[in-house]
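First up is the structure itself, then whatever we jot down about it.
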Amino acid sequence: MDNVTFTLRREILGVAGLMGAGRTELMKVLYGALPRSSGSVTLDGREVVTRSPQDGLANGIVYISEDRKRDGLVLGMSVKENMSLTALRYFSRAGGSLKHKDEQQAVSDFIRLFNVKTPSMEQAIGLLSGGNQQRSPSPAG
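Residues 1 to 141 (full-length UniProt numbering) are what the sequence shown spells out, left to right.
Now the structure itself:
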């Protein structure tokens, strides 16, 4: 892919295109899941370097996989674990223990916000319907 430029002002970017056109690769480069061969990304007036998905997340860049079962979900883990996996730093105390109340509140808010139908946040995400899996915010990369 060559000479890609776009400017967004407090917007969400979605990219569409034919298979093989580079849309997935472009998004993975922006997120940090693939290396960038050249060019730059500027966010809020400053250059952003994304060498890893952690860098992308730290800069507010999120990648939502087109293949949730391969890249987007950990099917054997619970809804709660999947939804909080990329945000563990917000629920961690010094020493590594988790603030479980904060984690549960955030996941409960996500379930309500995205209208995920689940009997419990402890339910294995792989047991949810495909539509509910798609609506579940989750790690990707």
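Quick reminder that beta carbons are idealized off the backbone N, C-alpha and C, glycines included.
According to DSSP, is Glu47 helix, strand or coil? strand
In the DSSP assignment, find the alpha helix (DSSP H) that holds Gln123 and state where it starts and stops. Careful: Gln123 lies outside any alpha helix (DSSP H) and carries neither H nor E.
Which residue's Cα is closest to the Cα of Lys69: Ile61, Glu11, Pro137 and Gly126? Gly126
Applying the criterion that 16 or more other CB atoms from any shown protein chain within 10 Å of the CB defines a buried residue, is residue 142 buried or exposed? Outside the displayed span of the chain (1 to 141) sits residue 142, for which this structure offers no information.
In chain order, what residues of the same chain lie with their CB nearer than 7 Å to the CB of Leu57, ignoring the 5 residues before and after it? Thr86
Leaving out the 5 sequence neighbours to the left and right, which residues in its chain are closer than 8 Å to Leu98 when beta-carbon positions are compared? Leu88, Phe91 and Ser92
Where does Leu98 fall in DSSP's three states? strand
Measuring only the C-alpha atoms, how far is Thr118 from Gly39? 43 Å
Go ahead and pull the three-state DSSP assignment for Thr118. coil
Ser129 (DSSP reduced to helix, strand or coil): coil
Suppose the cutoff is 6 Å on Cβ atoms and the five residues either side in sequence are ignored; what does the same chain contact list for Glu47 look like? Ser40
How big is the Cα-Cα spacing for Arg112 and Gly72? 20 Å
Can you pull the DSSP bridge partners for Val41? Val48
Would you check if the distance between the CB atom of Met1 and the CB atom of Leu30 is smaller than 9 Å? no
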